[in-house]
Amino acid sequence: MTGLTDVGGRRAGTAAVPDGAAPPTRTIRRRGSLPGGRAVVGAFLVTVAAVGLFAAFATANAGPRTRYVVAARDVAVGSQLAREDLVVVALDLPPAQRSGAFTDVEVLVGATVLGPLRQHDLVQSSGVVAVDPARGEQVSFPIPAERALSGRILPGERIDVLVTYGSGTDAYTMAVVRDAEVLDVEDEPGGIADGGTRVLTIGVPPTGDSLRVVHAVTAGEVTVVRTTGLDRGAGLPEEYRPPGVAPAAPAGGGGG
Numbered sequence: 130m131t132g133l134t135d136v137g138g139r140r141a142g143t144a145a146v147p148d149g150a151a152p153p154t155r156t157i158r159r160r161g162s163l164p165g166g167r168a169v170v171g172a173f174l175v176t177v178a179a180v181g182l183f184a185a186f187a188t189a190n191a192g193p194r195t196r197y198v199v200a201a202r203d204v205a206v207g208s209q210l211a212r213e214d215l216v217v218v219a220l221d222l223p224p225a226q227r228s229g230a231f232t233d234v235e236v237l238v239g240a241t242v243l244g245p246l247r248q249h250d251l252v253q254s255s256g257v258v259a260v261d262p263a264r265g266e267q268v269s270f271p272i273p274a275e276r277a278l279s280g281r282i283l284p285g286e287r288i289d290v291l292v293t294y295g296s297g298t299d300a301y302t303m304a305v306v307r308d309a310e311v312l313d314v315e316d317e318p319g320g321i322a323d324g325g326t327r328v329l330t331i332g333v334p335p336t337g338d339s340l341r342v343v344h345a346v347t348a349g350e351v352t353v354v355r356t357t358g359l360d361r362g363a364g365l366p367e368e369y370r371p372p373g374v375a376p377a378a379p380a381g382g383g384g385g
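Counting in my numbering, the final residue of the sequence shown is number 385, and the numbers go up one at a time with none missing.
Encoded structure:
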């Protein structure tokens, strides 16, 4: 069969084939298909998992990042902490220890050590107390909430501590300490009376007022009066006796 020829005598659309030779065969190849949707999603999930594992490994091997205060050397009970007694180190702490730990050395400078502190020991809030000489002596006492402003007292407030001795028509009230600073307020577990019992810690001048407070709490009925923000001047009465009640020393040696 004679095919169509172009001007040059060649078969149109085909290469020239020598006489007697078999014409070349053509091979039809199938084009490769693109990955399916599932394959793409699977590859993406594998990549995400690999990135996550790498991040977790990097985090696990980065070490603790939070630095806590520990003792740089042994410190005796009753000592006041100095900067050279303390150092910060990176630690991983469980929540119970983390809540009572310190991250700043400066807040501990001058604090008094309450328990043995050995080199490398973690400094915990339960083992130290900040004592400010300007606040004087510190004394704590329990008091029912109804005689402590319904328990609505906050650290930093100022109060008068009053005590009532005796009962009935023979009762009288004395001022134990004036304008004392409230340093701490806590709820006493299992407190009695409606509203419970509060434990107040106050600062008093180092002139014997702590003795007066302790005696009042033991021998009388204590009430506190808020004086925060008041400027009452001098000349406040030190005691109150109902008319007809003659002055007498308080039972048990007196409160003043």
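The C-beta atom is built at its ideal place from N, Cα and C for all residues, glycine as well.
Just so it is clear, the structure is predicted and the values come from calculations on it, not from any experiment.
Per DSSP, the continuous beta strand (DSSP E) segment holding Pro271 begins and ends at Glu266 to Pro273. Comparing C-alpha distances from Thr241 to each of Ser255, Gly280 and Val216 shows the shortest one belongs to Ser255. Contact annotation, Gln248 with Ala230: C-beta distance approximately 17 Å; criterion of less than 8 Å not satisfied. The beta carbon of Glu350 is closer than 6 Å to those of Thr293 in its chain, skipping five residues each way along the sequence.
Secondary structure of Thr298 (DSSP, three-state): helix. In its chain, beyond the 5 residues on either side, no residue has a beta carbon closer than 7 Å to the beta carbon of Thr336.
Taking 9 Å as the cut-off, the beta carbon of Gly280 is found closer than this to the beta carbon of Val314. Counting the other CB atoms within 10 Å of its CB gives Ala363 a total below 16, which places it among the exposed residues. Between the C-alpha atoms of Ala259 and Asp289 there is a straight-line separation of about 23 Å. For Arg196, the uninterrupted beta strand (DSSP E) segment begins and ends at Arg196 to Ala200. The three-state secondary structure of Val238, taken from DSSP, is coil.
In the three-state DSSP reduction, Ala345 falls in the helix class (H, G or I). Take Ala345, set aside five residues on each side of it, and the residues of its chain with a beta-carbon closer than 6 Å to its own are Val292, Val305, Val351 and Gly384, in chain order. Spanning the alpha carbons of Glu367 and Ala300 requires a straight line of approximately 15 Å. In the structure shown, the three-state DSSP call for Asp203 is coil. Check the Cα spacing between Ala205 and each of Gly332, Pro273, Val354 and Leu243: the tightest is with Leu243. Counting along the chain, the unbroken alpha helix (DSSP H) around Ala225 starts and ends at Pro224 to Arg227. Within the model, the alpha-carbon separation for Leu365 versus Asp308 is close to 12 Å.
Take the alpha-carbon of Val333 and the one of Pro193: they are about 43 Å apart. The criterion of a C-beta distance shorter than 9 Å is satisfied by Arg327 and Ala274. Between Arg227 and Leu278, the gap from beta carbon to beta carbon reaches 9 Å or more. The continuous beta strand (DSSP E) containing Val328 extends over residues Thr326 to Val333. Here Gln209 has Gly239 and Thr241 as same chain residues with Cβ atoms under 6 Å from its own Cβ, once five neighbours each way along the sequence are excluded. Here the alpha carbons of Leu237 and Asp214 stand approximately 10 Å from one another.
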